[in-house]
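*Asks:*
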Amino acid sequence: MELLNKYKKSYTNNDIQFVFVNDSRVILESDQAFLKLTIGDFIYNTHPFFECLHALENTPEEETTFNCVHLNIHDKEYTTDIKIIKKIDGILLVLHNLTQHYLTYQSIAQSRNESIINGELIILKNSELEERERFKNSFIQNFSHELRNPLTNIISITNIIANTELTGEQKNMINFLRESNANLKLMLEDILSISMIASGKLQLRNKEFNIYELFNLLRFTYGAKAKEKGLEFTLTSDIKIPEYVEGDYLRIYQILTNLLDNAFKYTQDGSINFNIELNQKRANKVSLRFKISDTGIGIPQEKLATVFNSFTQLKTAEQQNGNGLGLAIVKGLLQQMESDIKVHSKLNRGSTFYFDIVLKYPLHPTIKPDIKEKKYKHKEEGKFKVLLVEDDIHLQTTLFKILINTEVFFVDLINDGAKVIEELVNNSYDIILMDINLPNLSGDKITHAIREFPFKNIKKIPIIGLTANAYEDDIKAYLKAGMNAVVPKPFDHDVLLKTMFKYLK
Amino acid sequence: MQTSKKIVILGHFGVGKTSLIRRFVEDSFSDNYKVSIGVHITKKVVEIAAGDSMSLILWDLEGTDDLETIRNSYLLGTHGVIFVFDVTRPSTFQNINTDLKIVTEKLPNIPLLVIGNKTDLVVIKELEELLNKNQISTDFLTSAKTGDAVNDVFLKLVNQLNGAT
């Protein structure tokens, strides 16, 4: 055992130190294993840790252990476990130098804590960004809502003026005004679309439609535009694409027109080619590839990654128009359709945008031929009686003029929601045009009350909602309240009248 | 005359306990976060009156989100407590009332100060609204980085301890 004790001593001796202090805390003995202490000195002077000896006097425990105590002595740091043992003639201190062991532990704790803190900060940052995004979307929604009423007035009054006798110069000015109105309306709709996509409020409305009619419409529209701009435009499609497919016609139309408008915007000469390929047809589903190529200015490589972000535009001296939302809307809409858009581009050579979408295709189409409404049909025994429930004085005037100009309506006006039922009891109406945000009682609540009314002649009156709350959820709620249709503001004359005639007998 | 008082600094990890002590003792600050394990003990003598001083033995305990696990030996002979949370991390103060209950059970009848640290990273008005909303009352809002209100914390504690002697 002598040999073993010798080696054992060489491994343990330097890490465990025994120190004995008397009741006055004076160091009497120390084996100086790793700390060089001055015999006869107060242990308190060695390190403030030892001041705790004072507190231990009053504890019943004979032995107390302190783990992981950092002692900085003679400019060197030791991490130690310290055992304090009360003896009859003083206090025995056993100091175990575990610096290396605790260094490993410290490094593990460092990684763990940093990772937890970083995780927390990322979550906080995300929730802050989400909050900002929510605020932005809600601001855009409220702002666009507020813009709808004045825009409706501008569009409607422009149309009314356009139908009066005008000089050539006035006609030109009205045409310019109409074009500006249309651009403004489009921009407003773009902003709304992007905020709806961002807030997750946009819902697709899949319906059966004839895709070749869509191709023909685009061929006609953009063919004319190309002619005007001196460009060549081709639209080619695979003949195996089924005629009827099921999808959100309006959103697909929005995607394609945004891409085509973009191509026309950045192409000054050459051609724009729109090609629709059939990827595959399987189990009532058809996968189509839409590809739009142009010979325009192209996109610099460094901008390819951000070209689909909101408010991104390729600025050139000639091209400063637009709101930079077109491609962001396209990307957002395609993501809703579980698709993604890709782009290849060469600077000054042109760009190709392409994406695939999967649409259902019905084997037995159910679409019936569209029977066109006769414009301004007349009631047999005279004119239709309309109750206009609207509190905005400008809209009242505009709607009044639109309806009176058709010469088929008598119009009564109410601007207080609470008075509608009384009016309906005292007079008979063929149709009601109902604003939503009315004083005293909202349009949807009045509608609900009308549909609950005991008299059939009142209960069954067609009600067309007029609203600036153009979100899917809002419109659904108004229809659920009993409205026959909802026309979002700003509206077009023809759309409003067409909707009204649909419900007039 | 000099008296000696043991102060323990408690709170979750990463809230800035070590930085507060460093600011108070050395008047310095480092942006590098080094996790404290076990306990670091520092001393600072504060003059409380002509000829009288107080030796503060500051026990900087390893941060933990479960105060029940603090070793009892670390708390022996404690005269005062500073509980620190990080105003930028809700996880360090969302259960503060439970945490403080544990502290007062382990260390009854001694002065306790509650500190919200890292105020240099937030807007004070928004922070105060957040704390009010969560019914959290603090003794001081500090920044170890700028030094804002750090000395006030220790001076208040010294005054409380001095009054208690």
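Sequence lines, in order, name chains S and U.
Residue numbering for the first sequence follows my numbering, beginning at 1 and increasing consecutively.
Residue numbering for the second sequence follows my numbering, beginning at 1 and increasing consecutively.
Ideal Cβ positions, reconstructed from N, Cα and C, are used throughout, including at glycine.
Fair warning: this is a prediction, and the values are worked out from it, not measured in the lab.
Closer than 7 Å, CB to CB, is LEU107/U near chain S or not?
*Replies:* So no, LEU107/U is outside the interface.
*Asks:* For ILE371/S and LEU278/S, what's the separation of their Cα atoms in angstroms?
*Replies:* The predicted position of ILE371/S is uncertain, since its pLDDT is 46 and thus under 50; a value taken from the coordinates is nonetheless stated next. Each residue's Cα considered, the two are about 31 Å apart.
*Asks:* Tell me, please, which residues DSSP counts as bridged to HIS70/S.
*Replies:* DSSP, once it has assigned bridges, lists THR79/S, HIS40/U as partnering HIS70/S.
*Asks:* When you check each C-beta in the stretch 4–18 of chain U against every C-beta of chain S, which residues fall closer than 8 Å?
*Replies:* Taking 8 Å as the Cβ-Cβ cut-off against chain S, the residues of the stretch 4–18 of chain U that qualify are SER4, LYS6, PHE13, GLY14.
*Asks:* Can you tell me whether DSSP reads ASN172/S as helix, strand or coil?
*Replies:* Helix at ASN172/S.
*Asks:* I believe ALA226/S touches ILE272/S by the beta-carbon criterion, under 8 Å. Please report the beta-carbon distance rounded to the nearest angstrom.
*Replies:* Between ILE272/S and ALA226/S the Cβ distance is about 7 Å, and since that is below 8 Å, they are a contact.
*Asks:* With 16 other CB atoms within 10 Å as the buried threshold, where does LEU155/U fall?
*Replies:* By the neighbour-count rule (16 or more Cβ atoms within 10 Å), LEU155/U is not buried but exposed.
*Asks:* In or out: GLU506/S buried (at least 16 other Cβ within 10 Å) or exposed?
*Replies:* Here chain S has residues from 1 to 505 only, and residue 506/S is not among them.
*Asks:* Roughly how far, in whole angstroms, is the beta-carbon of VAL35/U from the beta-carbon of TYR74/U, given that I think they are within contact range, below 8 Å?
*Replies:* Incorrect: roughly 17 Å between the Cβ atoms, too far for contact.
*Asks:* GLY56/S versus chain U: which residues are under 8 Å apart at the beta carbon?
*Replies:* Note that residue 56/S corresponds to Leu in the displayed sequence, not to Gly. Going along chain U in sequence order, the residues near LEU56/S (Cβ under 8 Å) are LEU76, GLY77.
*Asks:* Alpha carbon to alpha carbon, how far is PHE135/S from LEU256/S? Give it in angstroms, no decimals.
*Replies:* In a straight line, the C-alpha of LEU256/S is about 30 Å away from that of PHE135/S.
*Asks:* Does the beta-carbon of LYS374/S have 16 or more other beta-carbons within 10 angstroms, so that it is buried, or is it exposed?
*Replies:* In this prediction, LYS374/S scores a pLDDT of 47, lower than 50, which makes its location untrustworthy; the coordinate-derived value is nonetheless stated afterwards. With fewer than 16 other Cβ atoms within 10 Å, it is exposed.
*Asks:* According to a CB-to-CB cut-off of less than 7 Å, which residues of the stretch 61–83 of chain S neighbour chain U?
*Replies:* Hits within the stretch, in order: THR64, THR65, PHE66, ASN67, CYS68, VAL69, HIS70, THR79.
*Asks:* Can you give me the Cβ contacts of THR158/S inside the same chain, cut-off strictly under 7 Å, excluding the 5 residues immediately before and after it?
*Replies:* Once the five neighbours on either side are set aside, the close Cβ partners of THR158/S are ILE174, LEU177, ARG178, ASN181.
*Asks:* Any contact of the stretch 348–361 of chain S with the stretch 294–305 of chain S, i.e. 3+ C-beta pairs under 8 Å?
*Replies:* These segments touch.
*Asks:* How big is the Cα-Cα spacing for ALA328/S and TYR253/S?
*Replies:* Taking the straight line from one Cα to the other gives about 15 Å.
*Asks:* Say yes only if the C-beta of VAL45/U is nearer than 6 Å to one or more non-hydrogen atoms of the ligand GTP, and no if none qualify.
*Replies:* As presented, the structure is devoid of all ligands, the ligand GTP included, so that no description of it is given.
*Asks:* Under 8 Å by Cβ, that's how I've got ASP391/S and ASP444/S pegged, so tell me the actual separation to the nearest angstrom.
*Replies:* No, ASP391/S and ASP444/S are not in contact; Cβ-Cβ is about 15 Å, not under 8 Å.
*Asks:* What are the partner residues of ASP181/U, as DSSP defines its beta bridges?
*Replies:* Look at the range of chain U in this structure, 1 to 165, and you will see that residue 181/U is not part of it.
*Asks:* With DSSP run on the structure shown, which of helix, strand or coil describes GLU62/U?
*Replies:* Three-state DSSP puts GLU62/U in coil, outside helix and strand.
*Asks:* Would ILE463/S and ASN484/S be called neighbours here (beta carbons separated by less than 7 Å)?
*Replies:* Contact: yes.
*Asks:* The stretch 34–49 of chain U: which residues have C-beta closer than 9 Å to a C-beta of chain S, in chain order?
*Replies:* Cβ contacts with chain S come from LYS34, VAL35, SER36, ILE37, GLY38, VAL39, HIS40, ILE41, THR42, LYS43.
*Asks:* Would you verify that the beta carbon of PHE49/S is, or is not, closer than 7 Å to some beta carbon of chain U?
*Replies:* Yes, PHE49/S lies at the interface with chain U (some Cβ there is under 7 Å from its Cβ).
*Asks:* Is GLU47/U buried or exposed, if buried means 16 or more other CB atoms sit within 10 Å of its CB?
*Replies:* Per the 10 Å Cβ criterion, exposed.
*Asks:* Check the C-beta distance from LEU58/U over to ILE9/U and give it rounded, since I have them as a contact under 8 Å.
*Replies:* About 7 Å; that satisfies the 8 Å criterion.
*Asks:* Contact criterion: CB-CB distance below 7 Å. Does TYR105/S meet it with respect to chain U?
*Replies:* With 7 Å as the cut-off, TYR105/S counts as an interface residue toward chain U.
*Asks:* Taking a cut of 8 Å between CB atoms, which residues from the stretch 31–47 of chain S lie near chain U?
*Replies:* So the list reads HIS47, given in the order they occur along the chain.
*Asks:* Measure the beta-carbon distance from GLU529/S to PRO362/S and round it to whole angstroms, keeping in mind my assumption that it falls under 8 Å.
*Replies:* It is not possible to answer for residue 529/S, since the shown part of chain S is limited to 1 through 505.
*Asks:* Quick one: Cα of SER287/S to Cα of LEU359/S, how far?
*Replies:* Distance between the alpha carbons of SER287/S and LEU359/S: 6 Å.
*Asks:* With C-beta atoms as the reference, is VAL69/S less than 7 Å away from THR80/S?
*Replies:* Yes, the pair counts as a contact, with Cβ atoms nearer than the cut-off.
*Asks:* How should MET1/U be labelled, buried or exposed, when 16 other C-beta atoms within 10 angstroms of its C-beta is the threshold for buried?
*Replies:* By the 10 Å Cβ count, MET1/U comes out exposed.
*Asks:* What is the DSSP secondary structure of LYS445/S, reduced to helix, strand or coil?
*Replies:* Three-state result, LYS445/S: helix.
*Asks:* Identify each residue in the stretch 59–73 of chain U for which the Cβ-Cβ distance to at least one residue of chain S is less than 7 Å, and report them in chain order.
*Replies:* Listed by position along the chain: ARG71, SER73.
*Asks:* Using 7 Å as the threshold, is the C-beta distance between PHE34/S and GLN17/S below it?
*Replies:* Yes, Cβ-Cβ distance for PHE34/S and GLN17/S is below 7 Å.
*Asks:* Quick one: grab the DSSP three-state call for TYR503/S.
*Replies:* Here TYR503/S sits in helix by DSSP.
*Asks:* Three or more C-beta pairs under 8 Å: does that hold for the stretch 100–117 of chain S against the stretch 23–32 of chain U?
*Replies:* Segments in contact, no.
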